[in-house]
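FYI, the numbering used here numbers position 61 of the sequence shown as 102, with every residue one higher than the one before it. Glycine included, C-beta positions come from ideal geometry on N, C-alpha and C. First up is the structure itself, then whatever we jot down about it.
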Amino acid sequence: MAPPSKDEASKTPVTQDSVTMVLRGMRDPETGRDPVSLGWVAGVSLADGAVTVALEVPPARAPALEPLCREAEARVAALPGVNACRVVLTAQRPAPAAAGGRAAGGRDTGKGTGIAPPGVRHIIAVASGKGGVGKSTTAANLALALADRGLSVGLFDADIYGPSMPRMLGLAGVRPQVVNDRLQPLRAHGLSVMSIGFLIDEDEPVVWRGPMVMGALEQLLRDVDWGVLDVMVVDMPPGTGDTQLTMSQRVTLAGAVIVSTPQDIALLDARKGLAMFRRVNVPILGLVENMSYHVCPKCGHREEVFAHGGARRTAEDMGCPFLGDIPLDMRIRVQADAGRPIVAAEPEGPHAAAYRAIAAGVAEALDAASATAPAAPSIRFT
Ligand SMILES: Nc1ncnc2c1ncn2[C@@H]1O[C@H](COP(=O)(O)OP(=O)(O)O)[C@@H](O)[C@H]1O
Ligand SMILES: [Mg+2]
């Protein structure tokens, strides 16, 4: 695997001040004032020459401000030390009651206009109620296992707060190229990959507020040149927050795969996630039980660390497919930390087989979904 080499343009690092100066030189066509004095600049992130600017603007003005954004991008990109610049427009919302809190109420509940990339056939979300259950690990290995079926697969890391894919796929520090104004996904182990983590520094605190998250996500979905994909696997942040709402309302999701560990509490959280996706009419493709049991590497004895099988029962209770279980195995973590998820690192091993079985279940569910949808002729996944 040879990731695109990092653009070495950054000799003098760019500063917040120089970006602000550029923005001060821009003019809102309606008021004739600059975005800084209008109070629109919600955030500027600098990471190794990749600049992201979030502008919070009145919702009705957003479409008319696209040219201003493009011009700001061009001007910032021309600064010394800048490799790429994205200007993200987000809608101004009424300030939440608690200052500094995430935006809470006042959301649309209807489906918005679709922003799904045109060449992408199916978008599936990998979700869970809480963090640390292995969502990202599952997303990466599921994507690889789907690719093993001969499908062209993209992996979109939508975890704005804690992106995992740069490290998990061995792409930490690599920056995407911009070609014809569009971000090019990176390639790893045969997958096309995009993550907010490619645009920000790993240890930079991500203080995106709710509306900014949505803006950044939408921009990534819209401005990334995904090309033609059979499936895009989306690694979601934990919980049922803004990202979940954005993804389920603005993108036509083929379905969600819910990951859970066997502990009851995690299952309760998984139920919450399930209910959330049901509420917004996203089909549940099935449940995966991760860290399900432990096999002793020395003697092969199988230990049920937690009461095993809860996800299967939950799936039965909720009337959705149970896709399979993945054991707790150090190799799964070690390989992911080393940038080679287990399906790529040990394709002949038992864990790769387990992920391929889950991928088969997902492909079957996607086939079933295409069969019922009155859509264009569909390819078969199984
Ligand atoms: N089946 C597994 N066996 C061992 N370690 C795992 C397994 N699944 C995930 N992990 C490890 O657990 C941690 C959390 O997993 P991650 O996929 O980042 O969770 P999430 O995305 O839900 O927060 C990571 O260190 C990962 O390597
Ligand atoms: Mg994660």
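Lysine 313 versus Thr53, Gly280, Arg372 and Glu71, residue with shortest Cα-Cα distance: Gly280
Backbone secondary structure at tyrosine 202 - three-state DSSP: coil
Any 3 or more C-beta pairs closer than 8 Å across the region 211-220 and the region 291-300: The region 291-300 and the region 211-220 do not touch, with fewer than three beta-carbon pairs separated by less than 8 Å.
C-alpha gap between alanine 184 and arginine 65, whole angstroms: 43 Å
Residue from Gly282, Val98 and Val403 whose Cα sits closest to the Cα of valine 329: Val403
Serine 236 beta carbon near ligand 1 (any heavy atom closer than 8 Å): no
Assigned exposure category for leucine 309 - 16 Cβ within 10 Å defines buried: Leucine 309 comes out exposed.
For proline 368, the three-state DSSP class (helix, strand or coil): Proline 368: strand per DSSP, three-state reduction.
Short Cβ contact (9 Å threshold) for aspartate 366 with alanine 352: Contact: yes.
Spatial neighbours of glycine 172 in its chain, beta-carbon cut-off 7 Å, leaving aside the 5 residues before and after: Excluding five sequence positions before and after glycine 172, the CB atoms of its chain that fall closer than 7 Å to its own CB belong to Pro279, given in chain order.
For valine 298 and alanine 401, the rounded distance between their alpha carbons: Cα to Cα, the separation comes out at about 13 Å.
Residues bridged to leucine 87 (per DSSP): Val92
Test item: CB-CB of alanine 168 and glutamine 285 under 9 Å: yes
C-beta contact flag for leucine 364 and methionine 273 at 9 Å: Their beta carbons are not under 9 Å apart, which means leucine 364 does not touch methionine 273 by this criterion.
Under 9 Å between C-beta atoms of proline 207 and serine 233: No.
Where isoleucine 373 sits in the DSSP three-state scheme: helix
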